[in-house]
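K.L.:
The structure's right below; bear with me while I get my questions together.
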Amino acid sequence: AELRLNDGFLVSKSADGTVKVWDPLTANLLLTLGSHPPGIGPAVSAVQHDSNKLVMAADGSLQTWDIRTGQLLEDIKEGVDSVFQVAFDRRRRVVGGSVDVQGAFGLVRETFLEILDYKDEEMPQESQL
190 AELRLNDGFL VSKSADGTVK VWDPLTANLL LTLGSHPPGI GPAVSAVQHD SNKLVMAADG
250 SLQTWDIRTG QLLEDIKEGV DSVFQVAFDR RRRVVGGSVD VQGAFGLVRE TFLEILDYKD
310 EEMPQESQL
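Residue numbers (the numbering used here): 190 to 318.
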């Protein structure tokens, strides 16, 4: 399990494949996010959030959610295997991960960073709070 607190939200991830968004002032559960029913889905390997969106990675999928409504904004399933870290700003996401590659001397684990731009029409707007 992992906890992240910033921008007015407490976010927890767990091995059951879910990410939960909490109000840290009231301890009320606001959202449960994940693409599979709890307990069945893959473990979430990375999560990051701000006051508008949440980016999570789980078993070959990189998802961007609206943290206020729970709407899935984007689900990328290509080129994001073995993601172990995500970070983002208003214009782009940075994804860190690793992949096993067959080399001349056997199986080699390679680490990568990938930068993914948001499409302008998909970017959540800045909060006016």
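Ideal Cβ positions, reconstructed from N, Cα and C, are used throughout, including at glycine.
Nothing here was measured: the structure is a model prediction, and the numbers come from that model.
With DSSP as the reference, label V195 as helix, strand or coil.
P.N.:
For the sequence presented, residue 195 should be read as Asn rather than Val. DSSP places N195 in strand when its eight states are reduced to three.
K.L.:
Straight-line CA distance for G249 to I265?
P.N.:
Near 8 Å, if we compare the C-alpha coordinates of I265 and G249.
K.L.:
Using CA coordinates, which residue listed in S234, R257, T253 and Q252 is at the minimum distance from L218?
P.N.:
Comparing Cα positions, the closest option is R257.
K.L.:
Tell me where the beta strand (DSSP E) around K242 begins and ends.
P.N.:
Segment K242 to A247, the beta strand (DSSP E) holding K242.
K.L.:
To the nearest whole angstrom, what separates the beta carbons of M245 and V210, a pair I think is in contact under 8 Å?
P.N.:
With a Cβ gap of about 11 Å, M245 and V210 do not count as contacting.
K.L.:
Does K209 come out as helix, strand or coil in the three-state DSSP assignment?
P.N.:
In the structure shown, K209 sits in a strand (DSSP, three-state: E or B).
K.L.:
Look at the alpha carbon of K202 and the alpha carbon of S240, and state the distance between them as a whole number of angstroms.
P.N.:
Their backbone Cα atoms lie some 17 Å apart in a straight line.
K.L.:
Would you please state the rounded distance, in angstroms, between the beta carbons of G259 and L222? I believe it to be under 8 Å.
P.N.:
Their Cβ separation, rounded to whole angstroms, is 6 Å, which keeps G259 and L222 in contact under 8 Å.
K.L.:
Might you give, ordered along the chain, the residues of its own chain that have their beta carbon closer than 8 Å to the beta carbon of V236, omitting 5 neighbours on each side?
P.N.:
Only E191, R193, V200, K202, V208, L243, V244, M245, A246 and V275 meet the Cβ criterion.
K.L.:
Quickly, what does DSSP pair T253 with across the bridge? List them, please.
P.N.:
Note: T253 sits in a beta bridge opposite V244 and E263.
K.L.:
Can you list, in chain order, the residues of its chain with a C-beta nearer than 7 Å to that of D212? Leave out the 5 residues immediately preceding and following it.
P.N.:
Taken in chain order, the residues that qualify are L219.
K.L.:
Let me check one thing: in DSSP terms, what residues is L214 bridge-paired to?
P.N.:
Answer by DSSP bridge pairing: none, since L214 is not bridged.
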